[in-house]
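Working notes for the structure below.
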Amino acid sequence: MGDFELIASDLQFPEGPIWLSDGSVVLVEIARQTLTRVSADGKVDVVAELGGGPNGAAIGPDGKVYVCNNGGMLFHRTSKGGLVPGEQPEDYAGGSIQRVDLDTGEVETLYTDCGGERLKGPNDIVFDSTGGFWFTDLGKTRPRDLDRGGLYYAQPDGSSVTEVAFPLGSPNGVGLSPAGDRVYWADTNQGRVFYLNLSGPGQVSEYRGPEHRPELLAGLGGWQLLDSLAVDSGGNVCVATIRNGGITVISPEGEVSHVPTDDTLTTNICFGGADLTDAYITLSMTGRLVKTRWARPGLELAFNR
């Protein structure tokens, strides 16, 4: 692995990192079922017990953390002690969107369904500048079948959630272009990044109903699976890549490069530091949070604290 600084280890499948202005990183531990804060010196503290399977996370306009909870998954240990996620567990009760107060640890559940359809496995989340948020629902996998995924747009006060695109394959990471005129998502099993052009908050340009098909930004060759993502200030989509462990960087024109790590289950990236050129990456199988200097600043998110 290249020039990576270890920030924390022995995490239980970390994901959803958020850099805070005090230098700490808030993330989820899916297998531990917690929202966790990692201080700049590597100290690990649980903020809240969330149950299920907390996954993607983002700061909302009220300064609270909004969490996509996938409802839980089975984990098993590799021969070297790493954690690998699997199928829907027996105690699965559905997915949800949760809101956590970072100061008190209080947890609220905002959404469990959309239009009467139960959320299956909410995965990743991003806020736009108006305070609404996009999230993906990857669904769940069972021994003989799996769910179809979707892309959703919701309000942070719990008043409205809309199914924008369904059915999709296995939508995972989600992000917005610097101008806010594209919503990107990574499809895990297809190894592709798609996007829709936007005309306004939660609004797809020239939407044609269920037959409306997304645009393809890039498709990766070979056996590569895609996880969560972040967008940098140049509009490049930086998507965590499984099996070919690392971060795949895709330009707005679809040009592809790769930054390797030593964990085949590299799951997420966020940007931090005063100039947003510190990249924090979750290496989930081995339970680590690492940091490296990035070639470009990350895109400043709509809300932070």
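Letter by letter, the sequence shown follows residues 1045 to 1349 in this note's numbering. Glycine included, C-beta positions come from ideal geometry on N, C-alpha and C.
For the pair leucine 1333 and alanine 1052, the CB atoms are nearer than the 7 Å cut-off. Asparagine 1113 is bridged by DSSP to Pro1098, Ser1140.
According to DSSP, alanine 1284 shares a beta bridge with Ile1291.
A straight line joining the alpha-carbon of glutamate 1299 with that of arginine 1287 spans about 20 Å. Taking the Cα positions, glycine 1060 is about 12 Å away from glycine 1097. Between the C-alpha atoms of alanine 1230 and leucine 1220 there is a straight-line separation of about 12 Å. Proline 1166 is bridged by DSSP to Asp1181. Cβ neighbours of glutamine 1077 within its own chain (closer than 6 Å, five residues either side excluded): Leu1094, Gly1095.
By the Cβ test, the region 1131-1138 is in contact with the region 1178-1188, since at least three Cβ pairs between them sit closer than 8 Å. DSSP places proline 1254 within a helical segment (H, G or I) once states are collapsed to three. Cβ-Cβ separation between asparagine 1216 and aspartate 1157: approximately 21 Å, too far for a contact (criterion under 8 Å). Its chain contains Arg1143 as the residues whose beta carbon lies nearer than 6 Å to that of glutamate 1152, once the 5 sequence neighbours on both sides are disregarded; these appear in chain order. Measuring C-alpha to C-alpha distances from threonine 1206 to each of Glu1161, Ser1068, Ile1313, Ala1223 identifies Glu1161 as the nearest.
Rounded to the nearest angstrom, the gap between the Cα atoms of aspartate 1145 and aspartate 1189 is 36 Å. Fewer than three beta-carbon pairs drawn from the region 1163-1180 and the region 1118-1127 are found closer than 8 Å, and the two stretches are therefore not classed as touching. Spanning the alpha carbons of leucine 1309 and leucine 1273 requires a straight line of approximately 14 Å.
Look at isoleucine 1062 here: in three-state DSSP terms it is strand. Looking only at Pro1129, Thr1122, Trp1063, the smallest Cα-Cα distance to alanine 1102 is reached by Trp1063. Ranked by Cα distance from isoleucine 1313, the first of Arg1337, Gly1244, Glu1297 is Arg1337. The C-alpha of aspartate 1085 lies about 41 Å from the C-alpha of valine 1208.
The bridge partners DSSP lists for threonine 1153 are Gln1142. Under DSSP, phenylalanine 1238 shares a beta bridge with Trp1229, Leu1260. Per DSSP, the continuous beta strand (DSSP E) segment holding threonine 1078 begins and ends at 1078-1082.
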